[in-house]
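Participant:
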Amino acid sequence: MIRPHIMLVAAASVASTLAYAAPASMLEASNPFAKPSTLPFQYPAWDKIKNEHFAPAFAEAMRLESAEIEAIANNKAAPTFENTIVAMERSGLLMNRVSTAFGTLTGSYTNDTLIALAKDLAPKLSAHNDAIRLNPKLYARIKSLYDRRTKLGLDAESQYLIERYHTDFVRAGAKLSDTDKQKLKEMNGQLAALSTQFAQNVLKEANASALVVDSRAELAGMSDKQIDAAAAEGKKRGMDGKFVIPVVNTTQQAGLSVLTNRATREKLLAASLSRGSRGGEFDNRDVVLKIAKLRAERAVLLGYPNHAAYNLEDQTAKTTGAVNQLLAEFAKPAVNNARKEAAEIQKVIDAEKGGFQAGPQDWGFYSDKVRAAKYAFDANQLKPYFELNRVLQDGVFFAANKEFGISFKERKDLPTYDPDVRVFDVFDHDGKQLAIFTFDPYARATKRGGAWANGWVNQSKLMGTKPVIANNLNIAKPAAGEPTLLTYDEVRTTFHEFGHALHGMFSDVKYPRFSGSRVPRDYVEFPSQVNEMWMAWPEVLANYAKHYQTGAPMPKELLDKVQASQKFNEGFRTTEYLAASLLDQAWHQLSPNQIPTDVLAFEADALKKAGVDFALVPPRYRTTYFSHTFSGGYSAGYYGYLWAEKLDADTVNWFKEHGGLTRKNGDHFRKTLLSRGGTLDAMQMYRNFSGRDAQVQPLLERRGLTGE
5 MIRPHIMLVA AASVASTLAY AAPASMLEAS NPFAKPSTLP FQYPAWDKIK
55 NEHFAPAFAE AMRLESAEIE AIANNKAAPT FENTIVAMER SGLLMNRVST
105 AFGTLTGSYT NDTLIALAKD LAPKLSAHND AIRLNPKLYA RIKSLYDRRT
155 KLGLDAESQY LIERYHTDFV RAGAKLSDTD KQKLKEMNGQ LAALSTQFAQ
205 NVLKEANASA LVVDSRAELA GMSDKQIDAA AAEGKKRGMD GKFVIPVVNT
255 TQQAGLSVLT NRATREKLLA ASLSRGSRGG EFDNRDVVLK IAKLRAERAV
305 LLGYPNHAAY NLEDQTAKTT GAVNQLLAEF AKPAVNNARK EAAEIQKVID
355 AEKGGFQAGP QDWGFYSDKV RAAKYAFDAN QLKPYFELNR VLQDGVFFAA
405 NKEFGISFKE RKDLPTYDPD VRVFDVFDHD GKQLAIFTFD PYARATKRGG
455 AWANGWVNQS KLMGTKPVIA NNLNIAKPAA GEPTLLTYDE VRTTFHEFGH
505 ALHGMFSDVK YPRFSGSRVP RDYVEFPSQV NEMWMAWPEV LANYAKHYQT
555 GAPMPKELLD KVQASQKFNE GFRTTEYLAA SLLDQAWHQL SPNQIPTDVL
605 AFEADALKKA GVDFALVPPR YRTTYFSHTF SGGYSAGYYG YLWAEKLDAD
655 TVNWFKEHGG LTRKNGDHFR KTLLSRGGTL DAMQMYRNFS GRDAQVQPLL
705 ERRGLTGE
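So this is what it looks like as structure tokens:
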């Protein structure tokens with residue numbers, strides 16, 4: 005997942021000469037944001053950045069950027085590409101520095117001061133953004149260039165930049181009347197505040213919803229070290245003698261696959277499912293209703309029937325009809341497969357004389373038993389072969405070296421916001437430094453859930469910047485001295501997020517607006533999903549899947565079982581994902597007068613109408629903790645993972661047909677796609693890579709849905 009920052013207009017982070025006299029900064033020189041970082045590649049000076057630096061830096065950033073924009077809008081010279089579009093690309097340098105650092109810390113290392121500041125800043129930054137996008141003089145200059153774009157003698161990337169700016173401004177409301185602009189500003193301010201409140205409630209509720217039990221026996225099935233960690237968490241929270249299991253962001257929780265006590269499993273899942281809807285100060289139901297209504301009203305104001313129609317117009321899917329068709333095509337076969345998988349689970353329960361019908365709390369625990377029966381192994385057999393550092397360096401980095409010729413060298417001299425963050429220099433095939441990559445693997449109470457990538461510095465030839473790209477995971481940190489052993493899914497996520505990193509590191513564009521993963525939301529996951537293919541590629545797997553104690557390679561018979569079980573549990577995986585995607589669309593395809601009053605009743609009805617109301621497989625995210633769609637930039641866009649997977653599955657076939665993991669294939673992928681950022685239409689970019697449109701059949705086969 006790509007983590008969006010508080011980015012207002014496309015900008016980069018290096019000083020440059022503007023086409024007008026840039027206003028001087030009044031930020032105190034002692035503030036680390038006053039000037040670009042002097043560290044390599046303008047890497048952020050985390051050792052100098054303190055809470056108290058952000059408020060004055062944001063205030064000055066807004067003042068400076070406003071002055072820059074006013075200078076562009078009021079320039080008495082006729083609009084030119086240089087004095088308008090390029091000038092905007094060069095603006096907002098301080099805003100970029102401070103918002104990048106703030107977004108990083110509020111996502112990965114937050115605290116009460118930053119949480120309060122984020123709440124205060126949200127409407128102010130929204131108003132600042134509106135003042136830019138709704139500036140009539142500025143839009144008039146952009147419109148003038150847009151109308152003459154084919155006659156300006158520009159290269160393709162520059163002409164496309166004008167088109168994108170024009171689209172951005174029109175979609176932001178630049179063509180509205182003054183009265184409607186005022187309404188829009190008020191809506192945007194309220195939405196910014198509500199989205200921030202939603203995100204903060206999710207984080208606080210996750211900590212408040214932890215499972216608390218009284219005895220070790222209730223946690224049977226977990227390892228002694230895991231139970232000890234639960235006891236330590238209880239003590240940390242002032243509950244000596246209690247055992248505390250924190251919940252993660254998704255509905256499913258890791259403990260559900262190992263806990264032998266069914267009552268404990270039921271309590272753990274209930275704690276997860278009730279987040280944000282159980283009353284109290286972190287309840288998100290009212291927040292959801294307000295967000296849904298405001299988004300629907302804003303869409304109508306901008307000339308669209310609903311928020312989904314507004315958002316999808318600027319994605320590769322284009323229409324709600326296209327998305328609805330995709331999700332509907334998968335829903336029935338996915339649920340049918342899930343029901344078959346449930347029947348196999350029930351057989352195991354009955355064979356053990358369990359005396360109960362399977363419930364959603366039982367799926368993880370008994371599906372592992374089904375896997376063990378069908379393939380003679382369980383997922384825990386894999387973990388000793390998936391030690392984190394080996395996965396990263398001998399797996400992820402090894403595959404990237406084979407595919408692209410790049411290499412990595414860890415460095416310890418650059419500051420980090422947490423000691424667990426690792427930093428690597430990245431060198432291109434010619435030995436020249438390409439980027440800096442940072443890796444933050446562990447979960448912490450100050451870090452939001454999930455996994456994501458973001459750019460601390462984005463590549464741009466115009467600005468002379470090279471990329472600094474960060475990956476964030478949420479792996480449970482082991483006790484001191486213990487190895488970090490990953491699940492199969494955590495290995496997949498590590499490869500996935502590095503695919504985003506490659507997109508940013510290989511960016512080779514002129515303008516900041518197009519750098520790296522600044523592409524349509526339903527396309528952004530495509531390169532990252534492609535990179536997942538290498539985790540089980542024989543040459544790569546053999547290089548990293550070695551026992552953490554003995555160094556012995558994963559036995560071939562175990563590897564064969566892993567490969568044979570690739571489609572196992574795909575009914576469950578697809579159904580829980582589809583349920584969340586369909587909920588996202590259901591909320592955002594509502595008109596203002598269709599907003600319900602009961603969040604949970606609407607959710608249940610929407611799942612039933614879509615045919616995915618299978619009680620044993622709850623949505624991957626329920627509405628009240630669905631951060632992707634209500635605070636994370638994926639509103640009406642969660643379908644994008646499946647949309648991108650269609651391209652991904654087709655691309656995997658392309659690699660196999662062309663010889664697999666080779667430099668020739670990697671260089672072609674890099675040249676035609678990864679390096680191009682957002683410089684042209686995304687689907688045309690894909691056709692340039694593959695020579696044709698993507699086919700859906702490879703995806704259906706991958707998910708085991710071709711027989712339905």
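In terms of my numbering, the sequence shown opens at residue 5 and continues consecutively.
Even for Gly, the Cβ is constructed at its ideal location relative to N, Cα and C.
Note that the coordinates shown come from a computational prediction; the quantities given were computed from them, not determined experimentally.
Using the Cα positions of K565 and N573, report the straight-line distance between them to the nearest angstrom.
Facilitator: The alpha-carbon atoms of K565 and N573 are separated by roughly 14 Å.
Participant: Can you give the Cα-Cα distance for M11 and L121, rounded to whole angstroms?
Facilitator: Its pLDDT being 32, under 50, M11 is placed unreliably by the model, and the measurement read from it follows with that caveat. Answer to the nearest angstrom: the Cα atoms are 16 Å apart.
Participant: Taking buried to mean at least 16 other C-beta atoms within 10 Å of its own C-beta, is H662 buried or exposed?
Facilitator: Result: exposed.
Participant: Just to confirm before moving on: does the CB-CB distance between A71 and P27 stay below 7 Å?
Facilitator: For A71 and P27, yes; Cβs fall inside 7 Å.
Participant: Exposed or buried, M30, counting other C-beta atoms within 10 Å across all chains shown (16 or more means buried)?
Facilitator: The residue in question, M30, is exposed, as its Cβ has fewer than 16 Cβ neighbours within 10 Å.
Participant: Name the residue from L709, A403, W50 and K179 whose alpha carbon lies nearest to the alpha carbon of M537.
Facilitator: Comparing Cα positions, the closest option is A403.
Participant: Out of K650, A449, Y645 and E32, point me to the one whose CA is closest to V528's CA.
Facilitator: Cα-wise, what sits closest to V528 is Y645.
Participant: Starting from T268, trace the beta strand (DSSP E) both ways and give me its first and last residue.
Facilitator: Premise fails: T268 lies in the alpha helix (DSSP H), R266 to L277, not in any beta strand (DSSP E).
Participant: Measure the Cβ-Cβ separation of A610 and A590 and say whether it is below 7 Å.
Facilitator: Yes, Cβ-Cβ distance for A610 and A590 is below 7 Å.
Participant: Report the three-state DSSP secondary structure of D697 (helix, strand or coil).
Facilitator: DSSP places D697 in coil when its eight states are reduced to three.
Participant: Name the DSSP beta bridge partners of I249, please?
Facilitator: Note: I249 sits in a beta bridge opposite L215.
Participant: What residues are listed by DSSP as bridge partners for W456?
Facilitator: W456 is bridged to N476.
Participant: Whole angstroms is fine: what's the gap from V656's alpha carbon to V425's?
Facilitator: Approximately 31 Å between the Cα atoms of the pair.
Participant: Let me make sure I understand the geometry here. Which of S219, K297 and K155 has the alpha-carbon closest to that of H311?
Facilitator: Ranking S219, K297 and K155 by Cα distance to H311 puts K297 first.
Participant: Is the beta carbon of Q204 sitting closer than 7 Å to the one on I119?
Facilitator: Closer than 7 Å, so yes.
Participant: Suppose you measure from the CA of K155 to the CA of T84; what does that come to, to the nearest Å?
Facilitator: Cα to Cα, the separation comes out at about 12 Å.
Participant: I think N35 touches T450, with their Cβ atoms under 8 Å apart; what is that distance to the nearest whole Å?
Facilitator: Not really, about 23 Å apart at Cβ, beyond 8 Å.
Participant: Work out the CA separation of I349 and A376 for me, nearest whole Å.
Facilitator: When rounded, the distance between both Cα atoms is 12 Å.
Participant: How is L438 classed by DSSP in three states: helix, strand or coil?
Facilitator: If DSSP states are grouped into helix, strand and coil, L438 belongs with the strands.
Participant: With a threshold of 16 other CB atoms inside 10 Å of the CB of R279, please say whether the residue is buried or exposed.
Facilitator: Its Cβ being crowded by 16 or more others within 10 Å, R279 is buried.
Participant: Does DSSP classify K481 as helix, strand or coil?
Facilitator: In this structure, K481 counts as coil in the three-state DSSP scheme.
Participant: Would you call the segment 302-316 and the segment 217-231 in contact, with 3 or more CB pairs under 8 Å?
Facilitator: No, the segment 302-316 does not touch the segment 217-231.
Participant: Candidates H672, T88, S103 and R94: which alpha carbon is nearest E64's?
Facilitator: Among H672, T88, S103 and R94, the Cα nearest to that of E64 belongs to S103.
Participant: Determine the direct distance from the alpha carbon of D588 to that of L678, and round the result to whole angstroms.
Facilitator: Their Cα atoms are separated by approximately 28 Å.
Participant: For V427, report the span of its beta strand (DSSP E) as first-last.
Facilitator: V427 -> beta strand (DSSP E) spans R426 to F431.
Participant: Give me the DSSP bridge partner(s) of E735.
Facilitator: Outside the modelled stretch of the chain, which goes from 5 to 712, sits residue 735, for which no answer is possible.
Participant: What would DSSP say about F58, mapped onto helix, strand or coil?
Facilitator: The answer is helix: DSSP assigns F58 an H, G or I state.
Participant: Do A197 and P127 have their C-beta atoms closer together than 7 Å?
Facilitator: Yes, Cβ-Cβ distance for A197 and P127 is below 7 Å.
Participant: Please state if the CB of A300 and the CB of S716 are separated by a distance shorter than 7 Å.
Facilitator: What the structure shows of the chain is the stretch from 5 to 712, and residue 716 is not part of that stretch, so it cannot be assessed.
Participant: Suppose only complete runs of 4+ residues qualify. What are the alpha helix (DSSP H) ranges in the segment 150-177, listed by chain order?
Facilitator: Segments of the alpha helix (DSSP H) lying fully in the segment 150-177: 160-175.
Participant: I believe V248 touches A214 by the beta-carbon criterion, under 8 Å. Please report the beta-carbon distance rounded to the nearest angstrom.
Facilitator: Yes, they are in contact, since the Cβ atoms of V248 and A214 sit about 5 Å apart, within 8 Å.
Participant: Give the C-beta separation of W50 and Y446 to the nearest angstrom, bearing in mind that I take them to be a contact with Cβ-Cβ under 8 Å.
Facilitator: W50 to Y446, Cβ: 17 Å. No contact.
Participant: For the segment 67-112, which segments carrying the alpha helix (DSSP H) assignment without a break, of at least 4 residues, lie completely within its bounds, in sequence order?
Facilitator: Runs found: 97-112.
Participant: Under the DSSP definition of a beta bridge, which residues are partnered with V461?
Facilitator: BP columns for V461 point to V472.
Participant: Relative to the C-alpha of T200, which residue among G107, A81 and L305 is closest?
Facilitator: Closest by alpha carbon: G107.
Participant: Could you tell me which whole alpha helix (DSSP H) segments of length 4 or greater appear in the segment 510-535?
Facilitator: Counting whole runs of 4 or more residues, the segment 510-535 contains the alpha helix (DSSP H) stretches 525-528 and 530-535.
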